[in-house]
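Going down the list, the protein sequences come from chains W and S. Residue numbers 1 to 245, in this note's numbering, belong to the letters of the first sequence in order. Residue numbers 246 to 511, in this note's numbering, belong to the letters of the second sequence in order. Following: one structure in structure tokens, then a few remarks.
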Amino acid sequence: MNAIIEVTDIKKYFAKKSFFYGAEKMPVKAVDGVSFTIDKGKTFGLVGESGSGKSTIAKLVTGILVPDSGKMSIEGDIDIVFQDPFSSLNPRMTIRDIVGESLFVKGVNREEIEDKVVKILHRVKMKNMECLDKYPHQFSGGERQRIAIARALVTQPDIVVLDEPVSSLDVSIQAGILNLLKDLQEELALTYLFISHDLRVVEFMSDVVGVMKSGKIVEIASRQEIYSNPQNEYTRHLLSSIPKI
Amino acid sequence: MENILKIKDLTVTIGGKEVLSDVDLTLLPGKISAIVGESGSGKTMMSLAILDLLPDVAARISGEILFRGKNIFDMDNKEKQNMRGNSISMVFQEPFTALNPVMRVGEQITETIAAHKIISEEKIQGCLKGLLKMVKLSEDIASCYPHELSGGMRQRIMLAIALSCDPEILILDEPTTALDVSVQKEILDLVMGIQKERCFSILFITHDFSIVNMVADEVHVMKNGRVIEKGAKEIIFKSPENEYTRHLIDCIPKLGDERERLPESE
Ligand SMILES: Nc1ncnc2c1ncn2[C@@H]1O[C@H](COP(=O)(O)OP(=O)(O)OP(=O)(O)O)[C@@H](O)[C@H]1O
Ligand SMILES: Nc1ncnc2c1ncn2[C@@H]1O[C@H](COP(=O)(O)OP(=O)(O)OP(=O)(O)O)[C@@H](O)[C@H]1O
Ligand SMILES: [Mg+2]
Ligand SMILES: [Mg+2]
């Protein structure tokens, strides 16, 4: 229909050696036959077990990794916010250059870059403009996470992959970022692949939710269906583990 | 009860900016103190200060940190090494940067075990297997390099390393941000189990109020380098006095939340 991302039966295995016995072991089936589509302007939430293949899917969809098999069709620009912001930010670049780099590459002029960089940093609640000339190591964990979000959003790509984007933000700033993502989606019809271990955040953000375990999507359904009428046992187990507060 | 760690009036500046202002904090033996607060409010700086690991650019302008009554700023290098290696262990906020990228994670764990106990290679391997099992990782993980692991797996390796030595104080800086609720609960139960058994103290930095609720005895709320409210968990949750604390509690997305937008500050 209106699918902007269509992924069909993709697989990604990694080779693995044994530590204790030195022999070759079975490969890790990080992504083992996964299919989904995301419609334009919608959010697909991906939740699941630690190590189940969520970040690997993020890297496959953005072309950082190549699938062993399967088909992917992606229409439009795509950008990513990595799970580990520190290692994804160039340590030798200032925040001004990190956030402005892709605008620069596109040939946007200096003043416009400065203007856009300042505006997006403001929107991720980095309001102290001294930050522009600082380097990644001079920030807190959550500040780095917001710089990574600003970097991905500044060019307003059609699709944004967000891998645990708010995992180390206090709930107040987290609320601001989630609202910002929703606002931008409304203004610009952005499409999100939103990965999070926090099922409440995923419920707040997503139109459709996929639940992963051991490289497979074990259940995929609308947000309402997943949260009110989960079919899969693992989904039910996850939902029942959500703390009450 | 005698405190194990006491921070008194600690003020730290970096480049002219106060990142910690008059911070007071007391950690009691066998208790878990949670620190919640705004991103950038100084939580990580405070824990680095405890280990005297503040970045070189930082200047402490006043205050003291007493570990078992002794000011850590007066300790000589040997005492500090001993404190860092044996008495206080820390799980850093960003595990990827704390792990050695060119060393297999299994070796990184066995290295810490060997540094603390004089035991046979065979026993060390046994310890390694036990620790991996404790943090719900399979044995095969030991042969991986950090980049071959998922975010949550790396966090659990950090926890395994921290638990491998017998600390008196464990500092956990956002240790479970990449763990799904189910594994997170198992790991937290495990950490609390070991904590009860060995009776050490935990300083638990987290942005997640359900974790606070699950683990903490006491809560400290930080904003702009200051501790703006502290008290027993029950009191902070039920009747927070500070407006920012109330605001934070309001911002938590609830399951089945009908709100289209969440409340924001300013
Ligand atoms: N470069 C790699 N080399 C070898 N194995 C890898 C590599 N990247 C990932 N893996 C393995 O693939 C599996 C899936 O990892 P992935 O990072 O996709 O999990 P995840 O769902 O994002 O987990 P988390 O929630 O903990 O971040 C894991 O078993 C991991 O060890
Ligand atoms: N090396 C540095 N140089 C200059 N400023 C720094 C440096 N490291 C941290 N800061 C600043 O010090 C303040 C406190 O940082 P800290 O890392 O303690 O915050 P935090 O409470 O842990 O935040 P988060 O929850 O986002 O991790 C932040 O404003 C940060 O920008
Ligand atoms: Mg991941
Ligand atoms: Mg921090």
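Every residue, glycine too, gets a C-beta built ideally from N, C-alpha and C.
Query                                                                                                                                                          : Result
In this structure, does DSSP put Y13 (chain W) in helix, strand or coil?                                                                                       : strand
Using three-state DSSP, classify E283 (chain S) as helix, strand or coil.                                                                                      : coil
Report yes if the C-beta of S140 (chain W) is less than 7 angstroms from at least one heavy atom of ligand 4; otherwise report no.                             : yes
Compute the Euclidean distance between the alpha carbons of V457 (chain S) and I481 (chain S), then round it to the nearest angstrom.                          : 10 angstroms
Beta-carbon within less than 8 angstroms of K374 (chain S)'s beta-carbon, same chain only, minus the 5 sequence neighbours each way: which residues are those? : E384
Could you tell me whether the region 407-421 of chain S touches the region 358-378 of chain S, using the rule of 3 or more Cβ pairs below 8 angstroms?         : yes
Can K288 (chain S) be considered in contact with ligand 4, in the sense that its beta carbon sits closer than 7 angstroms to one or more heavy atoms?          : yes
Counting only Cβ pairs nearer than 9 angstroms, list the residues of chain S close to H122 (chain W).                                                          : Near H122 (chain W) there are no residues of chain S at all, since even the closest Cβ is about 11 angstroms away, more than 9 angstroms.
Okay, do the region 93-107 of chain W and the region 179-199 of chain W touch, 3+ Cβ pairs below 8 angstroms being the bar?                                    : no
Which residue comes first and which comes last in the beta strand (DSSP E) that contains S334 (chain S)?                                                       : I333 to V336
Using the three-state DSSP reduction, which class does F204 (chain W) fall into: helix, strand or coil?                                                        : helix
Specify, as a first and last residue, the run of the beta strand (DSSP E) that G48 (chain W) falls within.                                                     : T43 to G48
Figure out for me which residue from S:I252, S:G371 and S:V281 has the closest Cα to the Cα of G314 (chain S).                                                 : S:I252
Fully enclosed by the region 405-486 of chain S, which beta strand (DSSP E) runs are 3 residues long or longer?                                                : 414-418, 446-450, 463-468 and 471-477
Less than 8 angstroms between the C-beta atoms of L46 (chain W) and G176 (chain W), yes or no?                                                                 : no
I want to see whether chain S comes within less than 8 angstroms of F44 (chain W), judged by CB atoms only; does it?                                           : no
Give the residues of chain S in contact with S140 (chain W), contact being defined as C-beta atoms less than 7 angstroms apart.                                : S284, G285 and T289
I'd like the span of the alpha helix (DSSP H) that includes Y227 (chain W), first residue to last.                                                             : R223 to S228
Flag H452 (chain S) as yes when its Cβ comes closer than 7 angstroms to any non-hydrogen atom of ligand 1, and as no otherwise.                                : no
Please determine whether the Cβ atom of S241 (chain W) lies at a distance below 7 angstroms from any heavy atom of ligand 3.                                   : no
Determine, using beta carbons only, whether V7 (chain W) and M72 (chain W) come nearer to each other than 8 angstroms.                                         : yes
Taking F204 (chain W) as the query, report the chain S residues whose CB atoms sit under 7 angstroms from its CB, ordered along the chain.                     : P498 and D502
Would A279 (chain S) be called buried (16 or more neighbouring beta carbons within 10 Å of its own) or exposed?                                                : buried
Of all the CB atoms in chain S, is at least one closer than 8 angstroms to the CB of K187 (chain W)?                                                           : The residue asked about is misnamed: residue 187 (chain W) is Glu in this sequence, not Lys. No, E187 (chain W) does not count as interfacial toward chain S.
Could you tell me which chain W residues have their CB closer than 8 angstroms to the CB of V428 (chain S), listed as they occur along the chain?              : E49 and S50
Does DSSP put P165 (chain W) in a helix, a strand or coil?                                                                                                     : coil
Is it buried or exposed for R258 (chain W), if we count other Cβ within 10 angstroms and need 16 for buried?                                                   : Shown here, chain W extends from 1 to 245; a query on residue 258 (chain W) therefore has no answer.
In the DSSP output, which residue or residues are listed as bridge partners for R305 (chain S)?                                                                : S:V257
Thinking E203 (chain W) and Y227 (chain W) are a contact (beta carbons under 8 angstroms), I'd like their distance in whole angstroms, please.                 : 6 angstroms
Looking at the C-beta of P274 (chain S), does it have a partner C-beta in chain W at a distance below 8 angstroms?                                             : no
So for E6 (chain W), helix, strand or coil by DSSP?                                                                                                            : strand
Please determine whether the Cβ atom of D84 (chain W) lies at a distance below 7 angstroms from any heavy atom of ligand 4.                                    : no
Is the number of C-beta pairs between the region 255-273 of chain S and the region 426-435 of chain S that are closer than 8 angstroms three or more?          : no
Would you say D418 (chain S) touches ligand 4, meaning its beta carbon is less than 7 angstroms from a heavy atom?                                             : yes
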